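Notes follow once the structure below has been shown.
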DNA sequence: CTGTCATATTGATGTCTGTCGATATGTTGC
DNA sequence: GCAACATATCGACAGACATCAATATGACAG
């Protein structure tokens, strides 16, 4: 990913967070999306729209402690260590996962706010 | 899009519909996703993860009659007619929109079941 | 049947993305 | 400091994707 692309992506991710505060949610079904809103929502959906990243999120979310070590992902997902690291980086940049370094190991947990915002963006206005 | 890719995509879209019947929903947060479930969910999320397609869906969903004519999309979205047609085709293939030919015009409406399934897949198990 | 209009398909192109091997960075224990 | 280990970054590559111009398809009017 180029530097320009990274800046582009993080810009929209940040805008998405701002726009998803309770009183100003981006809502797919509430009205025609502006170009900006569509870019924000598409940006975070693109990060989710990958089988490996979805499995990473699901593994973290369903772990007993709510967190998982990077070392636990390589084997079940059948991808190289750089590839897993790349996907984890995408998820962290998008705000879907949070990374915490603990000694040699990197631990990841879900950012509930971020995923809830995406969830609500795809639902009806009066939904949860 | 190649024929192989189309077959690939439609396979996963169909599997997603099957998997999203009420008693067997794909749930991102309910447990580790299998490779198949992850492919299904990623497939339909990929279709949604484009600004133009999100705006198409939002325009259709928020129209007073619940449907919109293809001719209404080109101007506000600032894309060529073939590009709009391409995106509409993707949304129809994925089951998110339904197409109805009425004379010279093509009308599109939302498939509520499809979008609801994606919405629920990203939510908590006890959510709506 | 023919022209006109709306939409779909084709073909081409530049860009983006997932992947991996190689290597760098950073942490721990000795 | 040094060796061992976990993770991140770099560089490269193949495949996928969004886009448009040109063209084809299909429907209606006269």
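Residue numbers (the working numbering), protein chains in the order written: chain A, 93 to 220; chain B, 93 to 220.
Just so it is clear, CB atoms sit at the ideal spot from N, CA and C, and this is done for glycine as well.
Bear in mind that the values here come from a model prediction, so they are computed numbers and not experimental data.
Checklist entry - Quick one: Cα of residue 154/A to Cα of residue 126/B, how far? => result C-alpha separation (whole angstroms): 13 angstroms.
Checklist entry - Near residue 202/B, which residues of its chain fall below 6 angstroms by C-beta distance, leaving aside the five closest residues on each side in sequence? => result The residues 152, 153, in chain order, have a CB closer than 6 angstroms to that of residue 202/B in the same chain once the five nearest residues on each side in sequence are set aside.
Checklist entry - If you scan the segment 153-189 of chain B from start to end, which runs of the alpha helix (DSSP H) of 4 or more residues do you find wholly inside it? => result Complete alpha helix (DSSP H) runs here, min 4: 166-169, 173-185.
Checklist entry - Between residue 167/A and the ligand GTP, is the CB less than 6 angstroms from at least one heavy atom? => result What this structure holds is no ligand at all, so the ligand GTP is not there to describe.
Checklist entry - Counting only beta-carbon atoms, is residue 147/B nearer than 7 angstroms to chain A? => result yes
Checklist entry - What is the C-beta distance between residue 217/B and residue 134/B, in whole angstroms, given that I count them as a contact (C-beta under 8 angstroms)? => result Contact between residue 217/B and residue 134/B is ruled out by a C-beta separation of about 20 angstroms, above the 8 angstroms threshold.
Item to check | Minimum C-alpha distance to residue 206/B - residue among 184/B, 198/B, 199/B | outcome: 184/B
Item to check | Sub-7 angstroms separation of residue 146/B and residue 186/A beta-carbons | outcome: no
Checklist entry - Among 169/B, 177/B, 189/B, 175/B, which has the Cα closest to the Cα of residue 124/A? => result 169/B
Item to check | residue 119/B - DSSP class collapsed to helix/strand/coil | outcome: coil
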